[in-house]
Amino acid sequence: MRIILKFSPGEQLSYDSINKYTIQGFIYSLFKETPFSNYHDFKGFKFFCFSNIFPVSDFKPKEIKNLIISSPKEGFIRTLFDVLKKKEYFYLGKYRMEIMDVRIFQPKLTRRFITSTPIVLFENSRENKYYSIKKTNDFSFFMDRIKENALKKYNAYQNSDYYFEGNLFDRFEFDREVAVRIKKADNMFLIIGTLWKNLEKFNMDDKRFYKFLMDTGIGEKNSLGFGMLNPVG
Numbered sequence: 001m002r003i004i005l006k007f008s009p010g011e012q013l014s015y016d017s018i019n020k021y022t023i024q025g026f027i028y029s030l031f032k033e034t035p036f037s038n039y040h041d042f043k044g045f046k047f048f049c050f051s052n053i054f055p056v057s058d059f060k061p062k063e064i065k066n067l068i069i070s071s072p073k074e075g076f077i078r079t080l081f082d083v084l085k086k087k088e089y090f091y092l093g094k095y096r097m098e099i100m101d102v103r104i105f106q107p108k109l110t111r112r113f114i115t116s117t118p119i120v121l122f123e124n125s126r127e128n129k130y131y132s133i134k135k136t137n138d139f140s141f142f143m144d145r146i147k148e149n150a151l152k153k154y155n156a157y158q159n160s161d162y163y164f165e166g167n168l169f170d171r172f173e174f175d176r177e178v179a180v181r182i183k184k185a186d187n188m189f190l191i192i193g194t195l196w197k198n199l200e201k202f203n204m205d206d207k208r209f210y211k212f213l214m215d216t217g218i219g220e221k222n223s224l225g226f227g228m229l230n231p232v233g
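Here it is as structure tokens:
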């Protein structure tokens with residue numbers, strides 16, 4: 001399930017004035033005095049993801065921007081919707097945004113996906129080292145790790161022991177590797193990820209599993225807005 005928030009800024013500012021930590025903090029702030037008030041402190045998978053703010057351009061007064069938030073948790077999305085419907089404005093960091101519209105929607109599941117935001121994988125989580133297809137040229141690592149991560153998340157969510165043979169996707173069309181700079185407080189972080197033009201599953205036997213991935217994202221750091229999938233077709 002997804003929610004789309006349409007808003008406009010009260011002043012002109014550069015696009016990079018707002019980063020993924022800013023958006024994540026905004027989402028958590030909406031849960032004050034709700035059943036999800038302590039969600040930020042929950043250990044483990046958060047089971048939500050969000051898009052980049054789009055269109056990708058500098059913010060101008062009265063120009064509408066969009067943000068999509070997704071989660072397999074219906075209560076999570078409906079709580080966000082209920083809170084936002086009562087507001088006329090909100091803040092992204094120190095910047096005030098006027099709410100133009102907010103609505104819930106559910107995209108139709110298809111066998112093809114495109115990445116909305118980069119897929120992030122750890123090559124070595126203890127060293128905080130991210131996988132880079134440019135440096136390693138190891139595509140098998142990518143295929144193995146995204147399947148392992150997807151199954152781990154799904155089984156944690158369903159409290160199950162689900163498994164299947166074969167790859168997570170049958171056809172991959174690489175777009176590019178990106179390095180995303182993110183500032184948190186006074187610290188700057190560099191996160192490496194990959195974008196894909198096509199991720200396709202020929203025979204989608206378990207639609208519930210792939211719908212879950214469409215809602216929660218794939219790879220690491222979904223709750224920081226990485227690994228969001230959009231269906232194609």
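Its first residue numbered 1, the sequence shown is counted upward by one per residue in our numbering. We treat Cβ as the ideally placed atom computed from N, Cα and C, and that holds for glycine. Note that the structure is predicted; figures quoted are calculated from it, not measured.
Close Cβ partners of residue i (< 6 Å) along its chain, the five nearest in sequence each way excluded
i    : result
A179 : L190 and I192
S116 : S51, M228 and N230
P107 : P231
H40  : Y28
Where the beta strand (DSSP E) containing residue i begins and where it ends
i    : result
R126 : Run containing R126: none; DSSP gives neither H nor E here.
K183 : R171 to K184
T115 : R112 to T115
T34  : Run containing T34: none; DSSP gives neither H nor E here.
Y28  : Not the beta strand (DSSP E): Y28 falls in the alpha helix (DSSP H), residues K20 to S29.
K197 : N187 to E200
N52  : Run containing N52: none; DSSP gives neither H nor E here.
F90  : Y89 to L92
N38  : Looking at the DSSP string, N38 is not in any beta strand (DSSP E), and its letter there is neither H nor E.
Residue i - DSSP class collapsed to helix/strand/coil
i    : result
N66  : strand
L224 : helix
R145 : helix
K6   : strand
K153 : helix
D101 : strand
Y95  : strand
Spatial neighbours of residue i in its chain, beta-carbon cut-off 7 Å, leaving aside the 5 residues before and after
i    : result
K211 : L109
F36  : F76 and T79
E74  : M1
K85  : V102
CB contact flag (residue i, residue j, <7 Å)
i    : j    : result
F59  : L30  : no
Q24  : L151 : no
P72  : F47  : yes
R176 : L195 : yes
F209 : Y157 : no
I3   : F54  : no
I182 : I119 : no
M100 : F7   : yes
Y28  : K184 : no
G166 : R96  : no
Residue i, enclosing alpha helix (DSSP H) - first and last residue
i    : result
F209 : K207 to T216
I77  : E74 to K85
K60  : It is not in any alpha helix (DSSP H) - K60 carries neither H nor E in the DSSP assignment.
K135 : I133 to T136
beta-carbon residue i near the ligand FMN non-hydrogen atom, thresh 6 Å
i   : result
K86 : Looking at this structure, you won't find the ligand FMN or any other ligand, since it has none at all.
Chain-order list of residues whose beta-carbon lies under 8 Å from that of residue i (same chain, five-residue window excluded)
i    : result
N149 : L121, I218, G219 and E220
Y15  : I53, V56, S57, D58 and F59
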